[in-house]
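Novice:
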Amino acid sequence: MTANDDLELHDDTEARFHYRVARQSWLIIGALAAVILLVVGSALLLGRGAGLFDDEIVLGIGLVVLVIGLMLLPAPILDILASMRSELMVTPEGLSWRGFGGEKSFEWDEIIAIGVPPEDPNRIDDQRFHVLLEDEYEFIHGYNLRRREQVAALMKSRGEFEEEISIARYGFMCRSGNSEEVEKRARAHLVSEDDPWDFWSSRFRRR
Numbered sequence: 027m028t029a030n031d032d033l034e035l036h037d038d039t040e041a042r043f044h045y046r047v048a049r050q051s052w053l054i055i056g057a058l059a060a061v062i063l064l065v066v067g068s069a070l071l072l073g074r075g076a077g078l079f080d081d082e083i084v085l086g087i088g089l090v091v092l093v094i095g096l097m098l099l100p101a102p103i104l105d106i107l108a109s110m111r112s113e114l115m116v117t118p119e120g121l122s123w124r125g126f127g128g129e130k131s132f133e134w135d136e137i138i139a140i141g142v143p144p145e146d147p148n149r150i151d152d153q154r155f156h157v158l159l160e161d162e163y164e165f166i167h168g169y170n171l172r173r174r175e176q177v178a179a180l181m182k183s184r185g186e187f188e189e190e191i192s193i194a195r196y197g198f199m200c201r202s203g204n205s206e207e208v209e210k211r212a213r214a215h216l217v218s219e220d221d222p223w224d225f226w227s228s229r230f231r232r233r
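Heads up, the sequence shown is in this note's numbering, so the first residue is 27 and it goes up one at a time.
1) For Leu96, does the three-state DSSP call read helix, strand or coil?
2) In angstroms, rounded to a whole number, what distance separates the CA positions of Ser192 and Pro100?
3) For the alpha helix (DSSP H) that Val208 lies in, which residues bound it at each end?
4) Drop a sphere of 10 angstroms on the beta-carbon of Leu114, count the other beta-carbons inside from all chains shown, and report buried for 16 or more, exposed for fewer.
5) Could you name the residues of the same chain whose beta carbon sits closer than 7 Å to that of Cys200, not counting the 5 residues immediately before and after it, in chain order?
6) Check Gly125 in the structure and name its three-state DSSP category.
7) Along the chain, where does the beta strand (DSSP E) containing Ser192 start, and where does it finish?
8) For Gly168, which three-state DSSP category applies?
9) Quick test of your reading: Tyr169 and Gln153, contact by CB under 8 Å. State the CB separation rounded to the nearest angstrom.
10) Distance, Cα to Cα, Ser51 vs Tyr196?
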């Protein structure tokens with residue numbers, strides 16, 4: 027952690043954390059660009075340069091690019107827009123999250139515990155922060171969040187969470203004396219003990 031990060035942990039200002047664009051989105055955009063270059067290159071080669079501007083070749087290239095673009099572009103475009111819009115704010119008063127199409131806000135006094143997802147770039151099934159309130163169980167998007175370790179340290183400091191427990195690879199920061207309640211409630215969301223469809227559910231289980 028740098029000196030600037032340490033100052034941000036201890037000052038009384040609002041700390042904002044943003045999200046990265048998923049690497050899969052860049053791969054899709056790169057693949058689309060490669061296909062376009064391949065199609066255009068083939069047209070130039072087969073059409074011998076000037077033939078590229080023939081109506082039939084232009085129409086064919088346009089249709090190929092349009093079909094491939096419609097198949098590949100929606101997901102990375104939405105991901106880029108979401109990364110531009112989304113941010114997680116940790117303030118002295120509480121925790122706020124703004125995403126693509128929604129937002130949430132919680133005060134520290136109403137938060138009993140926060141579950142931090144494991145740091146694993148290959149794990150994309152559940153990267154959410156689990157937020158346990160007195161009567162509710164909420165989630166905050168955490169996939170591709172920048173500076174995740176600093177976020178967790180800042181949450182712990184400003185939320186004054188004294189205890190830490192581990193449940194299904196998640197680390198939960200909780201208030202003193204609430205660890206048993208936190209484990210019981212969190213385990214119901216993270217671990218399914220009696221599931222007749224366990225073979226399939228284990229592949230999508232939040233843990």
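No residue lacks a Cβ here, since even glycine has one placed at the ideal position from N, Cα and C.
Specialist: Well, looking at it:
1) DSSP places Leu96 in the helix class (H, G or I) of the three-state scheme.
2) 37 Å
3) Ser205 to Leu216
4) buried
5) Ile138, Ala139, Phe187, Glu189, Ile191 and Val208
6) strand
7) Looking at the DSSP string, the run of the beta strand (DSSP E) that includes Ser192 is Glu189 to Ile193.
8) coil
9) With 8 Å as the limit, Tyr169 and Gln153 qualify as a contact, their Cβ atoms being about 4 Å apart.
10) 27 Å
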